[in-house]
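J.:
Chains as they are written, first to last, in this note's numbering: chain R, 2 to 342; chain U, 80 to 363.
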């Protein structure tokens, strides 16, 4: 009898030891794939950002139209004034996921993803997940916009204003327009499924929620996506004849030409400069390759253009994160291949 | 006449027969500018943009050194085109010759793409003579002329575009006893892209015979012909032309051209354009 009691006691002690430190995960602590990342963070005590707002379907519709068409109808039914005469927001920004992995900046993976999904490959960061980011107009954008980015860097509202006024050469938005755009942006927020969390991280997240370990909840979630889009400006190569020290891959250059250049430069596109698939277009690009002007792909991609009197619209530069040197060489190799065909 | 008609038909059929280029339903830009030489092309201003056009035609090159080979004597047209929609362009212009005002409307019926082989645009224009001397005694209606054109074009391959322009010109009042009020003409225009910046344009209007008598000075009226180069600068097109017509609107260049191109009655001219974005564009 004593032996039986000892055995039972030992088993109970073993069970206690095994389960020590674990807390049962209740259904309310389970994380659905459709759960919004931001809401989980708020539940864990993360402060709601300034751009958080409550909204309705009408706000979202107006925001969608402002982003895609540049204008919408006000609540009173009147048509709003265009944000910009020159661009729509989607001239430079996608509204879909762009990166297969949200934790790293990998332009090659982003290009492959764009090719697979036939997405434009653009200078601007996607609006998808923009409300989950914590800073905008990061890093080297101060070199182009100076003090203008001071407010924009830490405010999504001010970033929208900066983009509308300066990047799009349009006007400052009214408060209801900002709210509508933010409402639309919130429909593009990250969900848990988007984070592609491994099972162990998902389990850690749920356990942390069950234990009320908010720090752990926030840490697990924020480790699964980048809170900013880094921006590094670069220079044209010292010797444009030689280019950057990479071997171009024309098959990828073709994708860049089609998904990037032609997004704006296709016939009847945003730009007056048409870059079609005609041989003479490639010959012209090749001829100007080493030119010390905006006509060279090195200058136009690395430096962009600036707004000037009589021609206010301009082309934004590509940061290294959006088009690294080796992709520029891919583009060059495609241009040279097509010019020689 | 029969030969010309057959030639036009052959070119049209050849153009249609060549396989289309471009991907999916991306529209094909057939010409670069809204004008070829004197005539309109199938291209339209994009919605929300306005184009200011300054056109010049100098005197005949064979007028000699005294006239600086025609440069002493120029005619000018100032015009404004506006695009309220992608498919509709309207415009107004004023020419120095006979103080003529013109008002036009262009409507796109079809846009060439991988599925549709042609770009087709309907063009109509009203012209109003306001020169006091020439229109003295004429009531308002008799100062008016109308032009109706179908612009049918195709980019045959990367470098070559062709446009046919069957035209009806109606003049409410003609200055001679011989000419018809209704003039039927067919125009053909081609554009050859030499390189990214330079292109060569040719335009010819064949007016069916026995419709036009000599002008008041007794000079034979001829078919309008022109050749020109087109230079694409930063977002703008600059055209330099040589033509036997001195005027810019159909009642004059179809109905009143007297210059003999191959006899040296060639007028140097140019079209300079400047685009203004007036309102928001909706991009394709």
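Ideal Cβ positions, reconstructed from N, Cα and C, are used throughout, including at glycine.
Please read all numbers here as calculations on a predicted model, not as lab measurements.
Between the stretch 266-281 of chain R and the stretch 174-185 of chain R, can you find at least three pairs of beta-carbon atoms closer than 8 Å?
T.: no
J.: When you compare the CB of residue 274 (chain U) with every CB in chain R, is at least one pair closer than 8 Å?
T.: yes
J.: If the cut is a Cβ gap below 8 Å, which residues of chain R does residue 107 (chain U) touch?
T.: Neighbours of residue 107 (chain U) across chain R, judged by C-beta separation under 8 Å: 268.
J.: Spell out whether any CB of chain U is found under 8 Å from the CB atom of residue 71 (chain R).
T.: For residue 71 (chain R), at least one C-beta of chain U is nearer than 8 Å to its own C-beta.
J.: Hey, residue 342 (chain U) and residue 322 (chain U) are a contact pair by Cβ (cut 8 Å); roughly how many whole angstroms apart?
T.: So it is not a contact: roughly 14 Å between Cβ atoms.
J.: Output, in sequence order along the chain, the residues in the stretch 87-102 of chain R whose CB is closer than 8 Å to any CB in chain U.
T.: 87, 89, 92
J.: Would residue 125 (chain U) pass as an interface residue toward chain R - the criterion being a Cβ-Cβ separation below 8 Å?
T.: By this cut-off, residue 125 (chain U) is an interface position.
J.: Just checking my contact of residue 224 (chain U) with residue 210 (chain U) at CB under 8 Å: how many whole Å lie between their CB atoms?
T.: Between residue 210 (chain U) and residue 224 (chain U) the Cβ distance is about 14 Å, and since that is not below 8 Å, they are no contact.
J.: Just the Cα atoms here: how many angstroms apart are residue 304 (chain U) and residue 262 (chain R)?
T.: 39 Å
J.: Which bits of chain R does residue 358 (chain U) rub up against, with CB to CB less than 7 Å?
T.: 83, 86
J.: With 8 Å as the C-beta to C-beta threshold (strictly closer), list the residues of the stretch 229-246 of chain U near chain R in chain order.
T.: 237, 238
J.: Got a sec, what are the start and stop residues for the beta strand (DSSP E) residue 64 (chain R) sits in?
T.: Careful: residue 64 (chain R) lies outside any beta strand (DSSP E), inside the alpha helix (DSSP H) at 58-70.
J.: Can you tell me the Cα-Cα spacing of residue 337 (chain U) and residue 172 (chain U), whole angstroms?
T.: Going by the C-alpha atoms only, they are around 23 Å apart.
J.: Residue 282 (chain R) versus chain U: which residues are under 8 Å apart at the beta carbon?
T.: Those within 8 Å of residue 282 (chain R) in chain U are 275.
J.: Is residue 92 (chain R) buried or exposed, if buried means 16 or more other CB atoms sit within 10 Å of its CB?
T.: buried
J.: Could you please give me the residues that DSSP links to residue 203 (chain U) through a beta bridge?
T.: According to DSSP, which records beta bridges pairwise, residue 203 (chain U) is partnered with U:184, U:227.
J.: Could you tell me whether any Cβ in chain U is nearer than 8 Å to the Cβ of residue 165 (chain R)?
T.: no
J.: Please confirm whether residue 184 (chain R) has its beta-carbon closer than 8 Å to some beta-carbon of chain U.
T.: no
J.: Do you know offhand how far residue 235 (chain R)'s Cα is from residue 304 (chain R)'s?
T.: 8 Å
J.: Counting only beta-carbon atoms, is residue 169 (chain R) nearer than 8 Å to chain U?
T.: no
J.: Residues of chain U with CB closer than 7 Å to the CB of residue 275 (chain R), please, in chain order.
T.: 108
J.: Quick one: what's got a C-beta closer than 8 Å to residue 229 (chain R)'s C-beta in the same chain, skipping five residues either side?
T.: 134, 135, 136, 137, 139
J.: Helix, strand or coil: how does DSSP classify residue 259 (chain R) here?
T.: DSSP places residue 259 (chain R) in helix when its eight states are reduced to three.
J.: Buried or exposed: where does residue 184 (chain U) fall if 16 or more other Cβ atoms within 10 Å of its Cβ makes it buried?
T.: exposed
J.: Where does residue 307 (chain R) sit, in a helix, a strand or coil, going by DSSP?
T.: coil
J.: Count the other C-beta atoms from every protein chain shown that fall within 10 angstroms of the C-beta of residue 150 (chain U), then say buried if there are 16 or more, exposed otherwise.
T.: Result: exposed.
J.: If residue 350 (chain R) and residue 117 (chain R) are in contact, beta carbons under 8 Å, what's the gap, nearest whole angstrom?
T.: What the structure shows of chain R is the stretch from 2 to 342, and residue 350 (chain R) is not part of that stretch, so it cannot be assessed.
J.: Who are the near neighbours of residue 100 (chain U) in its chain, counting only those whose CB is closer than 6 Å to its CB and skipping five residues on each side?
T.: Note that residue 100 (chain U) scores a pLDDT of 41, beneath 50, so its modelled location is shaky; the value from the coordinates is reported in the next line. Taken in chain order, the list of residues that qualify is empty.
J.: Measure the Cβ-Cβ separation of residue 282 (chain U) and residue 116 (chain U) and say whether it is below 8 Å.
T.: yes
J.: Please specify which runs of the alpha helix (DSSP H), each continuous and at least 4 residues long, are wholly inside the stretch 254-338 of chain U, giving them in chain order.
T.: Listed in chain order, the complete alpha helix (DSSP H) runs (minimum 4 residues) inside the stretch 254-338 of chain U are 329-332.
J.: Taking 7 Å as the limit between beta carbons, can you name the residues of its chain near residue 241 (chain R), skipping five residues before and five after?
T.: Only 290, 291, 297, 299 meet the Cβ criterion.
J.: Who are the near neighbours of residue 264 (chain R) in its chain, counting only those whose CB is closer than 7 Å to its CB and skipping five residues on each side?
T.: 121, 123
J.: Report the option in U:302, U:136, U:125 whose CA atom is closest to the CA atom of residue 318 (chain U).
T.: U:136
J.: With the cut-off set at 8 Å, would you say residue 127 (chain U) and residue 86 (chain R) are in Cβ contact?
T.: Yes; because the gap between Cβ atoms is below 8 Å, this pair is in contact.
J.: Measuring alpha carbon to alpha carbon, tell me which of U:333, U:327, U:332, U:357 ends up nearest residue 133 (chain U).
T.: With distances taken between Cα atoms, residue 133 (chain U) lies closest to U:327.
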